[in-house]
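Take 1 as the starting number for the sequence shown in UniProt numbering and just add one per residue.
Note that beta-carbon positions come from the ideal geometry of N, C-alpha and C, so glycine has one too.
For clarity, every value in this text was computed on a predicted model and none was experimentally measured.
Data block below; observations after.
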Amino acid sequence: MKPDYGSRPCQLRAELRAERRCTHDMTQSHEVLAMMDAHTTTFGRTKGCTISRCGAFFICTIFLISLVVTGLLVYHYAPCLEEKQMKCDNANTNNSRDTSRIFSVDLSNKKKIDVRLPKSVIPESYELRLVPFIWEGNFTFNGEVTILVNVTENTNNVTLHATDMKIDESLTSIREFSMSGNKTKPITIVEQKNDTERQFHVIKTSDTLKEGKQYLVHLKFVGHLNDYLQGFYRSSYTVGNQTRWIATTQFQATDARRAFPCFDEPAMKAKFQISIGRPRNMTSISNMPRKGQPEPMPGLPTYEWDHYEQSVPMSTYLVAFIVSDFEMLKSESRNFRVWARKEAINQSHYSLDIGPKILEYYEDYFKIKFPLPKMDMVALPDFSAGAMENWGLITYRETAMLYQERVSTSSNLQRVATVVAHELAHQWFGNLVTPSWWSDLWLNEGFASYVEYIGMNAVEPSWKVLEQFVVNDVQSVFGLDALQSSHPISIEVGHPDEISEIFDRISYEKGASILRMMDHFLTTDVFKRGLTNYLTEKAYQSAEQNDLWNALTKQAHKDKVLDPTITVQQIMDTWTLQTGFPVVTVTRNYLNGAATLTQERFMLQNSSMTTKKEPEPLWWIPITYTNEQELNFNRTQPNHWMKAERTVNLPSLNATAHQWVIFNVLETGYYRVNYDRANWQLIIKQLNKDNFKDISTINRAQLIDDALNLARAGRLDYSIALDVTSYLAHETEYLPWKSALTALNYLDDMLIMLPGYDKFRLYTLELLDNVYKQVGFSDKPGDPQLTVFTRIDVLNWACTFGHEDCVGNAANQFYNWRKTPDPDTNNPISPNLKSVVYCTAIRAGGQVEWDFAWQRYLNTNVGSEKDLLLQALGCSREVWILSRYLDWAVTENSGIRKQDATRVFGSVARNVIGHPLAFNYLRNKWSRLLEYFGTSLLLMNNIIKSATRGINTEYELNDLTDFINENKNELGSATRTVQQAVEQAQANIRWLDNNYVTIRDWLQRNTA
C-alpha cells in the first residue's frame, strides 16, 4: 500500500458508533440472509420522534439543576485554576526549561490483549458470494461464505474474524468434508458468540473436530457498505446532477473481516472462489478473471452473478472486488487493463503505457514470472491511501493513477509512475511472499518503497530517480527516526490499533533506506540473486525477516562478498530491531593522517532528557569515504566496517592535513556524519571554490542536510552549519537545493514569529538570487525533470518571501486566467507553475481570488488539478476564509471529499495565519472529527501531524498535552502520532532557547 502523506484505521468508540448506525439497516435485512435462495429485501425508514409536555418539563428541570451545580463548581475551583495559571506563567519566565518534566502525557491506559487467532483451525479455501445493494438507498450487502478448513489439533471451536456485520447464527453450519462429495453428518453447534474487543466470531461445537481432517464452515450474513473508506465501502461521483455509486474494497491491514467472516491474518493464506452479484447495468471485477458469462440471479431480475476463477493462495488483505459503471482500456502487449470513470478514462493512458513495461521489468529483475493471468488497475474517486496492491486488482486514488496532458504537472506524472511501480513491486514482495505477521510489515513496504525507484528508473531513466531517493526517502525519514518516540522497523504488534500505527515512514522510507544500503554493501548482483532465491523458496507462503537474511547470507558467502564468519542477520538485526540510527563522528589526526570514528545514536533531543535509561545501541556500519586527492564518489562497497563497536581507529585516510575527507559516499549508509572543526572548514573552503562540483551532487546534498541537522541537535555549532549553506549562492542543482530548503524550512517555522526573522528572509533571498535567474519564471519545453523541480521549489520560496519579480509574475498570470473566457477549459498558466501562481495570487488577494479558485476546484474533472487548488486555497490571509475552509473539509456534500480533508488541514496549517486555526480546530472539534472520519487512521493521523507542526511555545504545548490527556481513551491508532507531536514540540522549545541568539547574530553578520 502506498500511503498518501502517510495509513490505516483507528477503532473502538467510532467503530461502535458505526455498528450502532448500521444496526437498523442490518436488522431489516436479516430476513434476506437466505438471499442465495430468494434475493429480495424490504428496507424500512427511520421515523422521527416527539417529546411530550411532561418530558419537556423534566428536561427543563434537569437543565436548571445543572446550571446551579456548574456555578458551585466554578466558585469552588476557580482559585485552583488561577493558581495553576500562575504556575504556568512562572514556568514561562524560566529560561532553563526541562519541558519533558513540565508537561506530561499519560497514554499508559492502553489495554494489551491477545488478538491472534488459535492455530488449531486454518483455512484451505473460501467460496464467497456477495451482493452489494448500492441503488436501493440503505447500502447493505448480503453475503454467504463456505470455508474449507484444516484441523491441526483436536478442538471444539472454530474461531475466525468478523466485525461490522450481522451473522444469521441459525444458518451457520459445520460439516466434515468428503472428497467423494457424499453428504456427511453435520457437526452440532452448541454456541456462537462475538468477542467484540478481539473482533472474533467463535463457534463452539459439541463434537470434537479431529486433527488431520477437513471441515466445511458455512455462514450467512448482512454487512454495511460504510463511508469510512475501509472494508467493503461505498464511493460515489456525479455526472450532471446524477450520483453514481460504487462498491469497492480496502482490506489492509485488518478490514477483510468487515466484508466477510474470515481468518484475517496474513500467514493464513487460502484460495478464493469469489462470486459477485451486481446490477445488470454495471460491471464487477475481482482478483482473478471472470469465468464464462454472467448468470441470471433468481428473485432479482435486475441483478446477475459474475463468477470468478479460483485464485492462487493469498492473504485475506489482498482480496478485492469492485462493482461500478467504470470504463476500461486494455494494453495491447498483455492482459493488462485500466479502469476509471468515463469522464476520466482518457487520463489513464500513461498508467496503461508504463504498467506493462514495469511489470515485465520486474519479471526480469526478480527472475520470476508474474503468476496471475491478468492485471487490473482502477482509479477510485474515494480512497484513503495512495493505492493498494490487491493481487491482480490494484486500486488507486485518482491522483495516483491518472495524468492529464497540459493540465497535470511533471510532479503529478512522477507520482503516478512512483505509485504504479510501488504497487507492482508488491505483486512479488508482499503478495507472492507475505510477512508471517505485521511485525515484519517493512518486508512489504520497505521493499516496495525501494524497488519502486528501480522500476521507475527502468521506464524513465532521464528523471534520475535513483539520485532523488536520497532526498525523498533517506533524509526525509531521518527527522522522524531521530525522535525518542520512533520505533524499530520490526516491532511487536497485536491489536489492530497497533498494527495501524506502523504504517508510517519508518516502515516505508527507513525500510527502503536500509535495503538500499544493503544493495550497495552486498553489490547489486548478489542482492538480486539472494532476493530471487528467497522469493522462489517462499512462493505462496509467508516469511519472516530471518528467512530473507538467510537467503542473502548464502548468496553473499557463495559470491565471497562477506566474510564466512559474518551473516547478513548479524549486520541487519542492528538496523531492524533497534530504534533510531547512528551519527558517526570523524576525528582526524592531522599529523599522521589517521582518524578515530565514534558512533552513537543521533537524536534531536538530548538523551539525558529521557526518563527511561536503556543501553546505548550500536550498529554494524558500512564505512565508505573519499578525499580531495582521490575524488572517488563511485565506490560504495565498504572501506571498513564498524562492527557494533563504539570506536574504531583508521590508520590512514590517504589525505594530507590540507585535504578534506568526506564519509558515507553517495549517502548509501543510513547514518549521519560529523567531523572535527578543521575538516568542516576544509569542506566549506572547497564548496566555495569554482570547482565545488568536484564533490558529487548527492554528497553536496548530504553535507547540507547533515550540517543543519547536526546543529539542530546541538552537535555542531550553528555558525559552521550556516557557513556550509553560504555556497548555495552559486549552486543550481536540484538535490543540494532540495536538502537545503527542507532543512531551512525548519528554521522558517521556528523563526517566523520572532524579531530576527527579517534577516533570515533576507539571507535566503540572497542565496536564491542566482538560481532564480537561472531557472526563470517560465516553464521551458524539454527541461529535464530535475530542472523543473528546482524551478518549482525556488519560485515557491521566492514568492513566499515576497520576491518582487516572482510575486508580480504570479499575480499577473492568475489575473489573466480570471479574465480568460471559459476559464475551466482555457487555463493559460503552465502546469508546472500552477502551485506557485495559485498560492501566491490567493495569498496576495482576497475573497475574489479565493472564490474564483474555489469555483475552478468544483468544476474541474482532473484529480491532480483539484489537488493543486485544494493546496492553494489554504494560502489565503483571510482568517474567516480559512476557518470556513476547515469547516467545509469535514462537512458532507461541501464539495471536498473525505479523502481530501487532510489536504485542507495541511495547507491551512502551513500558513502562518492558518496554523493556530488548524490547531484550535483539532482541540475544539475533536468529537466532530471522530464522527466524520470514523476509524480512518490515515486521515486522522495526517490531520494531527498538520495541526501540531511547528509548535514551539510552552503555551501551545500545554494546550496540546491537555487535549491529549482529555482524549487519551479515543486516540486509538493515533497514539504514536501524538507522542511524536509532543516530543517534537518539546524539542522545538529547547531549540529556540539554545540557538536563537546564535542564529540571529550569524544572520546579522552575513546579510547586507
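PRO186 and SER173 look like a contact to me (Cβ under 8 Å); what is the Cβ gap, rounded to whole Å? The residue you call residue 186 lines up with position 186 of the sequence shown. The residue you call residue 173 lines up with position 173 of the sequence shown. Rounded, the Cβ-Cβ distance is 6 Å, consistent with contact.
Taking C-alpha atoms, which residue in PHE251, SER331 and VAL724 lies nearest to THR316? Here residue 316 corresponds to residue number 316 of the sequence shown, with the count starting at 1. Checking every option, the nearest Cα to that of THR316 belongs to PHE251.
Touch test, the region 836-843 against the region 867-887, Cβ-Cβ under 8 Å, three pairs minimum: yes
Which class does LEU754 belong to by DSSP, given the choice of helix, strand or coil? As a working mapping, residue 754 is identified with position 754 in the sequence shown. In this structure, LEU754 counts as coil in the three-state DSSP scheme.
If we require 3 or more residues per run, which beta strand (DSSP E) segments fall completely within the region 419-443? Every beta strand (DSSP E) stretch that sits fully inside the region 419-443 and reaches 3 residues is listed by chain position as 433-435.
Considering only their Cβ atoms, is the gap separating ARG949 from ALA909 smaller than 8 Å? The sequence position of residue 909 within the sequence shown is 909, counting from 1. The sequence position of residue 949 within the sequence shown is 949, counting from 1. Yes; because the gap between Cβ atoms is below 8 Å, this pair is in contact.
Would DSSP call SER29 helix, strand or coil? Counted from its first residue, the sequence shown places residue 29 at position 29. The pLDDT assigned to SER29 is 42, lower than 50, so where the model puts this residue is not dependable; a value taken from the coordinates is nonetheless given after this. SER29: coil per DSSP, three-state reduction.
Starting from GLY906, trace the alpha helix (DSSP H) both ways and give me its first and last residue. Translated into the one-based positions of the sequence shown, residue 906 becomes position 906. Element bounds for GLY906: 901-910.
Whole angstroms are fine: how far does the CA of GLN599 sit from the CA of VAL407? On the sequence shown, position 407 is the one that residue 407 refers to. On the sequence shown, position 599 is the one that residue 599 refers to. Rounded to the nearest angstrom, the two C-alpha atoms are 49 Å apart.
Whole angstroms is fine: what's the gap from GLN702's alpha carbon to VAL665's? What you label residue 702 is simply residue 702 of the sequence shown in a count that begins at 1. What you label residue 665 is simply residue 665 of the sequence shown in a count that begins at 1. Taking the straight line joining both Cα atoms gives about 9 Å.
Between the region 519-527 and the region 279-296, do at least 3 Cβ pairs fall closer than 8 Å? no
Sequence-distant residues of its chain with Cβ nearer than 6 Å to THR243 (five each side left out): The sequence position of residue 243 within the sequence shown is 243, counting from 1. Excluding sequence positions up to five before and after THR243, its CB lies within less than 6 Å of the CB of SER236, all in the same chain and listed in chain order.
Helix, strand or coil: which one does DSSP assign to THR146? For the purposes of this step, residue 146 is taken as the residue at position 146 of the sequence shown. Here DSSP, grouped into helix, strand and coil, assigns THR146 to strand.
Would you tell me roughly how many angstroms separate the C-alpha atoms of SER542 and GLN414, rounded to the nearest one? As a first step, residue 542 must be located in the sequence shown, where it is residue number 542. As a first step, residue 414 must be located in the sequence shown, where it is residue number 414. C-alpha separation (whole angstroms): 32 Å.
Please state whether DSSP places GLN984 in a helix, a strand or coil. On the sequence shown, residue 984 is found 984 positions in, with the first residue counted as 1. Note: GLN984 maps to helix in three-state DSSP.
Under 8 Å by Cβ, that's how I've got PRO298 and LYS271 pegged, so tell me the actual separation to the nearest angstrom. Here residue 298 refers to the residue found at position 298 of the sequence shown. Here residue 271 refers to the residue found at position 271 of the sequence shown. Not quite, the Cβ-Cβ distance comes to about 27 Å (not below 8 Å), so this is no contact.
Provide the residue span of the alpha helix (DSSP H) that contains MET517, from first to last. To locate residue 517, count along the sequence shown from 1; it is residue 517. Per DSSP, MET517 belongs to the alpha helix (DSSP H) from 511-522.
What's the C-alpha gap between PHE503 and TYR450? Position 503 of the sequence shown, counted from the first residue, corresponds to residue 503. Position 450 of the sequence shown, counted from the first residue, corresponds to residue 450. Whole-angstrom Cα-Cα distance: 16 Å.
Reduced DSSP category for CYS806 - H, G, I as helix; E, B as strand; rest coil: The residue given as residue 806 occupies position 806 in the sequence shown. Of the three classes helix, strand and coil, the one that applies to CYS806 here is helix, per DSSP.
Between ALA320 and ASN287, how many whole angstroms is the CB-CB distance? I'm expecting something under 8 Å. Residue 320 sits at position 320 when you count from the first residue of the sequence shown. Residue 287 sits at position 287 when you count from the first residue of the sequence shown. Indeed, because the Cβ distance is near 6 Å, the residues count as touching under 8 Å.
Between SER726 and GLY580, how many whole angstroms is the CB-CB distance? I'm expecting something under 8 Å. By 1-based counting over the sequence shown, the position of residue 726 is 726. By 1-based counting over the sequence shown, the position of residue 580 is 580. Going by Cβ atoms, the distance from SER726 to GLY580 rounds to 31 Å, so no, they are not a contact pair.
Own chain, CB closer than 6 Å to SER333, minus 5 neighbours either side, in chain order: Stepping through the sequence shown from its first residue, residue 333 is reached at position 333. Within the same chain, SER333 has close Cβ partners PRO356.
Assign THR610 to one of two classes, buried (16 or more other C-beta atoms within 10 Å of its C-beta) or exposed (fewer than that). Residue 610 sits at position 610 when you count from the first residue of the sequence shown. Residue confidence is low: THR610 scores 45 on pLDDT, short of 50, so the model does not pin down where it sits. Its coordinate-derived value is still stated next. Answer is exposed; the Cβ neighbour count stays below 16.
Could you tell me which residues DSSP pairs with PHE232 in its beta bridges? Counting from one through the sequence shown, the residue named residue 232 turns up at place 232. The partner list for PHE232 (beta bridge, DSSP) reads THR249.
Which residues in the same chain have their Cβ closer than 6 Å to the Cβ of PHE260, if we skip the five residues on either side of it in sequence? The residue you call residue 260 lines up with position 260 of the sequence shown. Once the five neighbours on either side are set aside, the close Cβ partners of PHE260 are LEU128, GLY143 and VAL145.
Give every residue of the same chain whose Cβ lies closer than 6 Å to the Cβ of ARG976, excluding the five residues on either side of it in the sequence, and list them in chain order. Position 976 of the sequence shown, counting from 1, holds the residue named residue 976. Within the same chain, ARG976 has close Cβ partners GLU501.
Considering only residues of the same chain and omitting the five flanking positions on each side of MET86, which have a CB-CB separation below 7 Å? In the sequence shown, residue 86 corresponds to position 86, counting from 1. Below a pLDDT of 50, predicted positions are generally treated as unreliable, and MET86, at 33, falls in that range; the measurement from the model is reported next regardless. Hits under 7 Å: none found.
Backbone CA spacing between GLY802 and VAL794 [nearest angstrom]: The residue labelled residue 802 in the question sits at position 802 within the sequence shown. The residue labelled residue 794 in the question sits at position 794 within the sequence shown. Each residue's alpha carbon lies about 12 Å from the other.
Report the start-end ranges of each beta strand (DSSP E) in the region 354-390 that is 3 residues or longer and not cut off at the edges. 375-380
Between the beta-carbon of residue 1010 and the beta-carbon of GLY593, is there less than 8 Å? Because the chain here runs from 1 to 1008, residue 1010 falls outside it and cannot be looked at.
So, does the region 157-175 touch the region 117-124, judging by three or more C-beta pairs under 8 Å? yes
Whole-angstrom distance between TRP245 and residue 1013, CA atom to CA atom: Residue 1013 is absent from the model: the chain starts at 1 and stops at 1008.
Rounding to the nearest angstrom, what Cα-Cα distance links ASN241 and GLY895 in this structure? Stepping through the sequence shown from its first residue, residue 241 is reached at position 241. Stepping through the sequence shown from its first residue, residue 895 is reached at position 895. Going by the C-alpha atoms only, they are around 13 Å apart.
Please classify GLY776 as buried or exposed, where buried requires at least 16 other C-beta atoms within 10 Å of its C-beta. On the sequence shown, position 776 is the one that residue 776 refers to. It counts as exposed.
Would you list the residues sitting across from ASP306 in a DSSP beta bridge? Sequence index remark: in the sequence shown, residue 306 carries index 306 (1-based). In the DSSP assignment, the residues bridged to ASP306 are ILE276.
At what residues does the beta strand (DSSP E) containing HIS640 begin and finish? Residue 640 sits at position 640 when you count from the first residue of the sequence shown. That run of the beta strand (DSSP E) goes 640-643.
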